[in-house]
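Protein chains in written order, with the numbering used here: chain A, 2 to 205; chain B, 17 to 163.
Yeah, the Cβ is synthetic: ideal placement off N, Cα and C, and Gly gets one too.
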Amino acid sequence: MKLPRTPRLALFLLSLAGILLLSACHRGSDLPFKLTDIGGHMPDLQFQLTDDNGKPASAADFRGKVVLLYFGYTHCPDVCPLTLAQLHAALQKLGKAADDVRILFVSVDPARDTPAVMHAYVNAFDKRAVGLTGSAGAIEALSKRYRSGFTREPASDGGNYEVTHSSAIYVFDRNGHARVLDANAPQEDLVHDLGLLLSNGTSP
Amino acid sequence: MKRIALLLVGLLGAGLVHADTTRISASHAWIRVLPGALPAGAYVVLRNDGDKPVALTGASTPDYGMAMLHRSTQSGGSSRMAMVDALPIPAHGTQALAPGGYHLMLMDARHPVQPGDTVRITLKFDNGVTLPVDFIARPAGALGDQG
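Encoded structure:
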C-alpha cells in the first residue's frame with residue numbers, strides 16, 4: 002500500500018468507523034469461538050491472484066464458502082505439508098458440511114510455484130484446497146493485508162533459498178469477513194469454529 | 017505395520033551388536049512424498065542404548081541427490097527452516113525426527129518415489145557409526161508412519 006498520507010488516514014478512520022458500526026449492529030450475535038476472534042480487526046478477504054488451473058481468481062469467487070487462508074510454498078517439505086494434512090484431517094471430521102469450505106493456499110514463492118506445481122501440490126492433500134499464486138506484488142499486498150510477513154533469503158547450499166513465512170491460518174465466513182485466527186491451536190478448536198461458521202456464522 | 021517396524025528395529029539392533037559402545041536403533045521411519053520433483057521430509061525415531069551420547073550428523077541415500085538435516089521452528093507466529101549440523105541423542109534415550117521439528121530434507125529424487133515404496137537411507141553418527149534404515153514412503157496427507 003503506497004497511498005499518500007491523507008487518504009491513508011481517511012482509510013484508517015473509515016475502517017475504524019466500519020468496525021464500530023459493525024460491532025454496534027452485531028452486539029450479542031457473536032459466536033462462541035474457541036480460536037482467536039479477529040472479527041472487525043482484520044479486513045475482508047480481497048485479492049487478485051491466479052488459481053491452480055491458471056485462471057484469474059478473486060475473493061468474490063469464494064463468496065458462500067467458509068475460507069481458510071494459509072501462506073506457504075511448495076518447496077517446504079515439513080511445516081506446510083503438515084499444516085495442509087492437519088487441515089484436511091479437520092475437514093474430514095466435519096463430514097459433508099465441509100464441502101462448503103475452501104482452503105486457499107497462497108504461495109509466497111511465486112517464482113517457483115507455477116499454477117501447475119500448485120495444482121498437483123494442493124490436490125495431494127484435499128480436493129477442497131485451491132492453490133493461489135500471482136505477481137510478487139499481488140502476493141505481498143495480500144500478505145500485508147493480514148499482517149502476515151514473509152522473507153526470502155539465500156540458503157547456504159547455493160541454488161535454493163529459504164523462506165520464513167507466517168504459520169497462522171485466517172478463517173473467513175461465507176461473506177468474506179475475517180472471523181478467527183488459528184495459530185497452532187488444538188484441532189478440535191478449529192473443527193468447533195468451522196462448525197459454527199458453517200451452520201450460522203454469516204455476518205452481513 | 018507395527019510388527020514390521022519392530023522386526024526392522026530388531027534386525028538393525030542385531031546388526032550393531034558388534035559395535036559395542038554404540039547401540040543405535042531406528043523405528044517409525046517414513047517419508048512424506050510430495051508431487052513432482054518437490055523435496056520430501058523424512059522422519060524417524062532414534063534410540064541410543066549406549067552409555068554415551070551420540071549425534072546424528074548426516075544422511076545419504078541412493079534414491080535422492082541430497083539428504084540434509086533440518087529443523088523447523090515456529091516463533092512469533094512465523095515458521096522457518098534451518099540447517100542443523102548435529103542432532104544429539106542422549107545415552108539410553110531417544111530423539112525423534114517428527115513433522116514440525118527435526119527432519120531430513122530429501123532433494124533431487126533420482127527416480128519417482130511413490131507412496132508404499134521403501135527408501136533406504138544411511139544415517140551417519142559422530143562416532144563413525146552408520147545405520148541403514150528403511151523408510152516407508154507415505155502420501156502427502158499422512159500424519160505419521162501409519163494410519
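For A169 (chain A), the residues of chain B that pass the 9 Å Cβ criterion are G93 and S94, in the order they occur in the chain. Secondary structure of P82 (chain A) (DSSP, three-state): helix.
Neighbourhood of R154 (chain B) in chain A, by CB distance below 8 Å: empty, with the nearest CB roughly 10 Å away.
At a cut-off of 8 Å between beta carbons, D100 (chain A) makes no contact with chain B.
Not a single C-beta of chain B is nearer than 8 Å to the C-beta of L133 (chain A). Within chain A, P78, D79, P82, L83 and A86 have C-beta atoms less than 9 Å from the C-beta of R48 (chain B), given in sequence order.
Put simply, the CB of H127 (chain B) is far from chain A, with every gap to its CB atoms at 8 Å or more. The C-beta of Q130 (chain B) comes no closer than 8 Å to any C-beta of chain A.
For G52 (chain B), the C-beta contacts it makes with chain A under 7 Å involve V118 and A121, in order along the chain. Inclusion of S149 (chain A) and S136 (chain A) in the CB contact set at 8 Å is not warranted, their separation being larger than that value.
DSSP, read as helix, strand or coil, puts D65 (chain B) in coil. Listed along chain A are P78 and D79, each with a C-beta nearer than 9 Å to that of H119 (chain B). From the listed residues A:N176, A:I170, A:L50 and A:G177, the smallest Cα separation to V192 (chain A) is found for A:I170. When the beta-carbon positions are compared, Y71 (chain A) and I39 (chain A) stay at least 8 Å from each other. Under the 10 Å beta carbon count, M99 (chain B) is surrounded by fewer than 16 other beta carbons and is classified as exposed. If you compare the alpha carbons of A:Q93, A:L83 and A:V131 with that of S59 (chain A), the shortest gap goes to A:V131.
In terms of Cβ geometry, F151 (chain A) and V123 (chain A) do not form a close pair [threshold 8 Å].
In this structure the region 113 to 124 of chain B touches the region 56 to 65 of chain B; the number of beta carbon pairs closer than 8 Å is three or more.
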